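Some notes on the structure that comes next.
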Amino acid sequence: MMMSTKLHTRLQMGRQPAYVERSSNSSSIVIFLHGLGLDSSDYCDYLRRHDEQHSIAITLVGFEARSTISAGPIPLREHVETVSDLIAEIHGKYPEKKIVLAGFSLGADLILCLAEHWRENRPAAPRMAAALLLDPNVNQSTMAISKLFAEADPNDPLPAFDKLIGQATDPAVLEALRSYVAKVRTKDFVQLWSLSRDMLGYWHPDGYTQIGARLAAVAAVSDAVRVVLSSAYKRHLPAMRAAVVDESRISFSLTSMGHFDLIREENLSPELDHIR
Numbered sequence: 001m002m003m004s005t006k007l008h009t010r011l012q013m014g015r016q017p018a019y020v021e022r023s024s025n026s027s028s029i030v031i032f033l034h035g036l037g038l039d040s041s042d043y044c045d046y047l048r049r050h051d052e053q054h055s056i057a058i059t060l061v062g063f064e065a066r067s068t069i070s071a072g073p074i075p076l077r078e079h080v081e082t083v084s085d086l087i088a089e090i091h092g093k094y095p096e097k098k099i100v101l102a103g104f105s106l107g108a109d110l111i112l113c114l115a116e117h118w119r120e121n122r123p124a125a126p127r128m129a130a131a132l133l134l135d136p137n138v139n140q141s142t143m144a145i146s147k148l149f150a151e152a153d154p155n156d157p158l159p160a161f162d163k164l165i166g167q168a169t170d171p172a173v174l175e176a177l178r179s180y181v182a183k184v185r186t187k188d189f190v191q192l193w194s195l196s197r198d199m200l201g202y203w204h205p206d207g208y209t210q211i212g213a214r215l216a217a218v219a220a221v222s223d224a225v226r227v228v229l230s231s232a233y234k235r236h237l238p239a240m241r242a243a244v245v246d247e248s249r250i251s252f253s254l255t256s257m258g259h260f261d262l263i264r265e266e267n268l269s270p271e272l273d274h275i276r
């Protein structure tokens, strides 16, 4: 897929995240974090269509297509630290601009992780204008793909991919899962396997105390927090709301969309307009 010449790509250097950037004179910078096995290209449609908005889409270390990284699995802690360092670098380069973080699925979980990291390392914490979390996990019950990948043979993921596609409940979900598998098959599955295991360890098997506390941590470093949920989260929403002690800066939106539809440009754009 050809990129617009207006998009700048920073390739990965060592164990630093790569990113795609569209610069503009907007007062804010939207920084996108991708889902498990995905990458910055999932947001390129948004970047191309919104040249008025300064935007940066990050690819985690090890998640480039056909990655040539020879290092072993990269732990969650290192992902959090390298993304935090990159955000600090971006903030230092554009200190006058407000930071908006937007994360999908794993990327939404990374926003939760970053907030906890910044709580423990306050000098590293930028003040964010807003955080948009699209289908964050709430406990292990929402982690079907992570569980499947964590239990797979890291050297032979094909059975796990077949099983995932076999879980489709209707043609639309089948097409979404096929597209997802086609993309993650180009990645180093050892990285997906390792991060899936780390993320399972990050969440309790059930309950909502963790998601409430973690959203509060995001609210502590952000002026506004918006949680947008796909239709599958309907049963979780009441307990999620109940787990949030102070909802004055945290808002929820339950949609009728499927999980992967949340990052389609036509759905992502109004949510970003709302939170900005």
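Yeah, the sequence shown ends on 276 if you go by UniProt numbering, and it's all consecutive. Quick reminder that beta carbons are idealized off the backbone N, C-alpha and C, glycines included. Quantities reported herein were computed from a predicted structural model and do not represent experimental measurements.
For residue i, three-class secondary structure by DSSP
i, result
"Ile74", "coil"
"Glu133", "Reading off the sequence shown, one finds Leu at residue 133, where the question assumed Glu. Three-state DSSP puts Leu133 in a strand."
"Arg10", "strand"
"Ala102", "strand"
"Asp42", "helix"
"Asp156", "strand"
"Thr186", "coil"
"Arg235", "coil"
"Ser256", "coil"
"Asn139", "coil"
"Asp109", "helix"
"Pro123", "helix"
"Met2", "Because the pLDDT of Met2 is 34, which lies under 50, any placement of that residue in the model is unreliable, and the question is left without a value."
"Ala219", "helix"
"residue 281", "The first residue shown for the chain is 1 and the last is 276, placing residue 281 beyond what the model contains."
"Leu195", "helix"
"Leu177", "helix"
"Arg276", "coil"
"Gln16", "coil"
"Gln167", "coil"
Inter-residue spacing [alpha-carbon to alpha-carbon] between residue i and residue j
i, j, result
"Val61", "Ala239", "34 Å"
"Pro123", "Ser55", "24 Å"
"Lys93", "Ile99", "12 Å"
"Ile90", "Ser230", "30 Å"
"Val20", "Val225", "24 Å"
"Ala172", "Thr59", "27 Å"
"Gly37", "Thr186", "9 Å"
"Ser194", "Glu96", "37 Å"
"Asp39", "Glu266", "19 Å"
"Asn155", "Val190", "7 Å"
"Leu76", "Leu106", "11 Å"
"Thr5", "Leu47", "Confidence at Thr5 is low in this model, with a pLDDT of 41, below 50, so its placement is unreliable and no value can be given for it."
"Asn25", "Ser146", "38 Å"
"Ala176", "Ala182", "10 Å"
"Ala144", "His259", "12 Å"
"Tyr202", "Leu101", "20 Å"
"Ile211", "Val80", "18 Å"
"Arg10", "Phe63", "14 Å"
"Ala216", "Ala131", "12 Å"
"His236", "Ile275", "22 Å"
"Arg127", "Ala65", "32 Å"
"residue 277", "Tyr233", "Residue coverage of the chain in this structure runs from 1 to 276, which leaves residue 277 outside it and unanswerable."
"Ile87", "Pro205", "31 Å"
"Met8", "Ala219", "Rather than Met, the amino acid found at residue 8 in this sequence is His. The alpha-carbon atoms of His8 and Ala219 are separated by roughly 31 Å."
"Val83", "Pro159", "31 Å"
Strand pairing of residue i, partner residues [DSSP]
i, result
"Arg226", "Leu132, Ser251"
"Ile56", "Glu21, Ile31"
"Asp162", "Answer by DSSP bridge pairing: none, since Asp162 is not bridged."
Counted within 10 angstroms of its Cβ, other Cβ atoms place residue i as buried (16 or more) or exposed
i, result
"Gly103", "buried"
"Pro157", "buried"
"Val245", "exposed"
"Asn137", "buried"
"Asp153", "exposed"
"Thr209", "exposed"
"Ser253", "exposed"
"Pro17", "buried"
"Asp198", "buried"
Whole-Å CB distance - residue i paired with residue j, under 8 Å assumed
i, j, result
"Asp223", "Arg249", "7 Å"
"His34", "Asp42", "5 Å"
"Ala108", "Asp135", "6 Å"
"Leu192", "Val184", "6 Å"
"Ile111", "Leu133", "6 Å"
"residue 317", "Ala115", "With the chain covering 1 to 276 only, the question about residue 317 has no answer from this structure."
The ligand ADP heavy atom lying under 7 Å from the CB of residue i
i, result
"Leu174", "Although the ligand ADP was asked about, the structure shown includes no ligands whatsoever."
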